[in-house]
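Numbering (the numbering used here), first residue to last: 9 to 318.
Everything below concerns the one structure shown next.
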């Protein structure tokens with residue numbers, strides 16, 4: 009992940025949840041929390057941001073949170089830890105009068121239920137719908153819990169539902185605009201290929217290479233070939249290039265060292281542009297450079313980049 013920025017919600021969740029010790033304790037936490045007043049609903053005298061215990065049955069997940077897939081083995085591991093030490097970090101919840109809705113901490117809640125806990129520690133805070141989406145996204149990104157498609161869907165929701173621009177999203181999640189753009193490009197894949205990304209059959213890098221294939225059926229069969237033959241991202245890019253433009257193959261005797269130099273130049277330009285760049289060589293040291301873009305926002309970003317070189 010890119011370095012965290014100091015502005016907006018990208019500062020992290022620690023600023024939203026009180027930490028009594030100034031950081032996680034190195035000693036095992038007690039199984040009981042005698043210092044916490046046990047009650048399900050805060051009174052007017054309570055500090056709404058203070059940690060408290062509530063019945064686990066009164067806490068429900070947010071159905072609109074970005075994360076959809078939870079690793080059962082990882083949950084079982086966490087539940088065993090919770091049985092021994094308890095829930096070390098409280099859940100961040102919103103008071104919905106009849107129940108508490110989870111803003112951050114659904115994984116801990118699920119593991120606590122598996123561990124058989126009757127109560128869980130929570131911090132009650134109120135946020136706007138947009139802030140809830142942002143906080144859920146930030147928490148999962150910080151813990152690397154989202155798969156690439158879930159992350160892309162969350163960005164899309166922030167754009168469509170709350171009208172945020174890609175650079176605004178990037179600022180909130182402490183990532184580069186290029187990272188957000190590349191993430192959202194994955195949503196252009198066929199649903200079957202997206203499922204393969206979710207199932208970790210192919211990586212996000214493989215998936216971005218497959219975006220060069222517009223035909224969904226060919227895209228899906230190529231994705232299976234990548235999975236079956238365990239192709240690298242570079243091998244996948246070459247495969248896609250051959251599938252898309254077989255007529256452009258020109259058999260020429262080229263020095264392999266020269267090929268390596270041009271490939272290196274392509275990689276450098278990709279890093280600078282944040283998108284796919286290809287160098288097509290011709291005779292007499294001539295050629296052309298192709299820069300791909302996948303949205304109006306990305307085109308404007310590339311133009312801004314060129315203008316900044318002046």
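Think of the CB as a built atom: it goes at the ideal place given N, C-alpha and C, for glycine as much as any other residue.
Asked, Found
"Cβ contact check for the stretch 151-169 and the stretch 116-127: 3 or more pairs under 8 Å", "no"
"Span separating the alpha-carbon of residue 107 from that of residue 70", "11 Å"
"Distance between beta carbons of residue 197 and residue 227, contact taken as under 8 Å", "7 Å"
"Residue 105 to residue 248 span [Cα, whole Å]", "54 Å"
"Cα-Cα separation, residue 261 to residue 220", "For residue 261, the pLDDT reaches just 47, beneath the cut-off of 50, and the residue's location in the model is therefore unreliable, although a value from the coordinates is still provided. Their backbone Cα atoms lie some 27 Å apart in a straight line."
"CA-to-CA distance, residue 199 to residue 115, given in whole angstroms", "26 Å"
"Residues of its chain near residue 278, where Cβ-Cβ distance is below 8 Å and the 5 sequence neighbours each way are ignored", "284 and 285"
"N- and C-terminal bounds of the beta strand (DSSP E) containing residue 182", "Careful: residue 182 lies outside any beta strand (DSSP E) and carries neither H nor E."
"Residue from 299, 98, 112 and 171 with nearest C-alpha to residue 145", "112"
"As assigned by DSSP and simplified to three states, the class of residue 299", "strand"
"Inter-residue Cα distance where the pair is residue 307 and residue 301", "6 Å"
"C-beta contact flag for residue 310 and residue 297 at 8 Å", "no"
"Buried versus exposed call for residue 72 [16 or more other C-beta atoms within 10 Å across all chains shown]", "exposed"
"Own chain, CB closer than 7 Å to residue 62, minus 5 neighbours either side, in chain order", "48, 108, 127, 128 and 130"
"Anticipated Cβ contact below 8 Å, residue 100 with residue 133, distance rounded", "6 Å"
"For residue 97, three-class secondary structure by DSSP", "coil"
"7 Å Cβ shell around residue 217 - same chain, five flanking residues per side excluded", "241, 244, 245 and 248"
"Residue 112 - containing beta strand (DSSP E), residue span", "108-112"
"Helix, strand or coil at residue 129 [DSSP, three-state]", "strand"
"Residue 44, DSSP secondary structure in three states", "Confidence at residue 44 is low in this model, with a pLDDT of 36, below 50, so its placement is unreliable and the value that follows should be read with caution. Residue 44: coil per DSSP, three-state reduction."
"Continuous alpha helix (DSSP H) stretch holding residue 272: start and end", "264-281"
"Nearest to residue 141 (by Cα), restricted to the options 223, 281 and 180", "180"
"Rounded straight-line distance, which links the Cα of residue 157 to that of residue 58", "35 Å"
"Pairwise C-alpha distance: residue 304 and residue 315", "17 Å"
"CB contact flag (residue 118, residue 83, <8 Å)", "yes"
"8 Å Cβ shell around residue 354 - same chain, five flanking residues per side excluded", "With the chain covering 9 to 318 only, the question about residue 354 has no answer from this structure."
"Classification of residue 313 by the beta-carbon crowding that lies within 10 angstroms, buried from 16 upward", "exposed"
"8 Å contact criterion, which residue 231 and residue 192 should meet: CB distance rounded", "The Cβ separation is near 19 Å, so there is no contact."
"Residue 214 versus residue 177: straight-line alpha-carbon distance, rounded", "24 Å"
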